[in-house]
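**Q**
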Amino acid sequence: MKFRRLSLPLLLISLLATGSAHADELIVSAAASLTNAFKDIGSEFEKTRPGTKVTFNFAASGPLLQQIENGAPADVFASADQETLDKAAGRKLIDPASRRNFASNRLVLIQPKAGAPLKTVADLKAGSIRRIGIGNPASVPVGRYTRDVLQAEGLWDTLTDKFIPADSVRQVLDYVSRGEVDAGFVYATDAAIAADKVSVVTAIATQRPVLYPIAVVSASRQAAQAEAFIAFVQGATGQSILDRYGFGKP
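Residue numbering for the sequence shown is 59 to 308, as defined by my numbering.
1. What are the start and end residues of the alpha helix (DSSP H) that includes Tyr203?
2. From what residue to what residue does the alpha helix (DSSP H) around Ile152 run?
3. Report the three-state DSSP secondary structure of Ile85 (helix, strand or coil).
4. Using CA atoms only, rank isn't needed, just tell me which of Ala184, Asp232, Ala180, Asp153 is closest to Glu211.
5. Which same chain residues, not among the five before or five after Ala132, have their C-beta less than 6 Å away from its C-beta?
6. Which first and last residues belong to the alpha helix (DSSP H) in which Lys97 is found?
7. According to DSSP, is Leu165 helix, strand or coil?
8. Leaving out five residues on either side along the sequence, give the residues of the same chain with a beta carbon under 7 Å from the beta carbon of Ala153.
9. Would you kindly check if the distance between the Cβ of Asn94 and the Cβ of Pro271 is under 9 Å?
10. Who are the Cβ neighbours of Thr142 in its own chain at under 7 Å, not counting the five residues just before and after it?
11. Buried or exposed for Gly185, please, with buried defined as at least 16 other CB atoms from any protein chain shown within 10 angstroms of its CB.
12. In this structure, how does DSSP classify Thr113 when only helix, strand and coil are distinguished?
13. Using a Cβ distance threshold of 8 Å, determine whether the stretch 235-248 contacts the stretch 165-181, with at least three qualifying pairs required.
14. Pull up the CB-CB distance for Val239 and Ile222, whole angstroms please, since I reckon it's below 8 Å.
15. Is it right to say Asn194 is buried, meaning 16 or more other beta carbons lie within 10 angstroms of its own, or is it exposed?
16. Going by other Cβ atoms of all chains shown within 10 Å of its Cβ, with 16 needed for buried, is Gln283 buried or exposed?
17. In this structure, how does DSSP classify Ala253 when only helix, strand and coil are distinguished?
18. Going by the CB atoms, is the gap between Thr260 and Lys177 shorter than 9 Å?
19. Using the three-state DSSP reduction, which class does Ala273 fall into: helix, strand or coil?
20. Decide if Ala89 is buried, meaning its Cβ has at least 16 other Cβ atoms within 10 Å, or exposed.
21. With DSSP run on the structure shown, which of helix, strand or coil describes Pro131?
22. Three-state secondary structure (DSSP) at Thr218?
23. Starting from Phe305, follow the alpha helix (DSSP H) in both directions and report where the run begins and ends.
This is how it looks when you write it as structure tokens:
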């Protein structure tokens, strides 16, 4: 697949120190689309566990998997798709017994507020649409969902030359928010946090449901705390926070 790139700084994925985490620190590697909700969940979880500090590492699911495989410390891994956690399980990087689905999402097509109104995905073929933000399907789950939809619609090859690749769903959102692309594919929850800058053109039915799985990392030295965090995410408080940010039930 041929991509054109914007002359913008690449997304820097912060790697955590390779030394052992502090005894009361829980390290959670989570998909970028979970950033706002998980920060709130982390704060509430800390209130229930005095002395515990939740440290987050947010990025696209693919790079997070690579970090964990390369030895970066992590206790919990939350992905934006099943495929990435399947790979983690196949490489014995997570405890399969701890794996749970905890949220769902929807794929949406968005455009800048000031853009000429689009109505359907097929409108992306118009000559006025020159650049389309898309997560890199090789490493970004939202990019894979987008690719599958466009291939099913017979639009993938037609639109390829317009694609501007991004290293995470939040980077696609930034491109659209700043008007650097004419349209982009993100999750509904991402569009919601930038409602003053982007408009949702349409929600898109994906061939596979957008389900978020979470699991304890095999190398975790905080397995009990990690299990407790997963239970908290699934519990009433965690689910209420996810609902507030627009995530659905798994």
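Here a beta-carbon is modelled for each residue, glycine too, at the ideal position from N, C-alpha and C.
Fair warning: this is a prediction, and the values are worked out from it, not measured in the lab.
**A** So, from the listed chains and residues:
1. Run containing Tyr203: 199-210, per the alpha helix (DSSP H) assignment.
2. That residue, Ile152, is in no alpha helix (DSSP H); it is neither H nor E in DSSP.
3. Here Ile85 sits in strand by DSSP.
4. Comparing Cα positions, the closest option is Ala180.
5. Around Ala132: Ile85, Ser87, Ile126, Val275.
6. Where Lys97 is concerned, the enclosing alpha helix (DSSP H) stretches over 93-106.
7. Reduced to three states, the DSSP call for Leu165 is strand.
8. In the sequence as displayed, the identity of residue 153 is Asp instead of Ala. Excluding its 5 nearest sequence neighbours in each direction, Asp153 has C-beta neighbours in its own chain below 7 Å: Ala273, Val274, Ser276, listed in chain order.
9. Not in contact: Pro271 and Asn94 (Cβ atoms no closer than 9 Å).
10. Its chain contains Ser119, Gly120, Leu123, Pro199 as the residues whose beta carbon lies nearer than 7 Å to that of Thr142, once the 5 sequence neighbours on both sides are disregarded; these appear in chain order.
11. It is exposed - the Cβ of Gly185 has fewer than 16 other Cβ atoms within 10 Å.
12. Residue state, collapsed to three classes: strand.
13. Because the criterion of three Cβ pairs below 8 Å is met, the stretch 235-248 and the stretch 165-181 touch.
14. Sure, about 5 Å apart at Cβ, within 8 Å.
15. Its Cβ being crowded by 16 or more others within 10 Å, Asn194 is buried.
16. Classification of Gln283: buried, given that the 10 Å Cβ count is 16 or more.
17. It is coil, neither helix nor strand.
18. Using a Cβ distance threshold of 9 Å, Lys177 and Thr260 count as a contacting pair.
19. In this structure, Ala273 counts as strand in the three-state DSSP scheme.
20. Burial check for Ala89: the Cβ neighbour count within 10 Å reaches 16 or more, so the residue is buried.
21. Reduced to three states, the DSSP call for Pro131 is coil.
22. Helix at Thr218.
23. For Phe305, no alpha helix (DSSP H) encloses it, and the DSSP letter there is neither H nor E.
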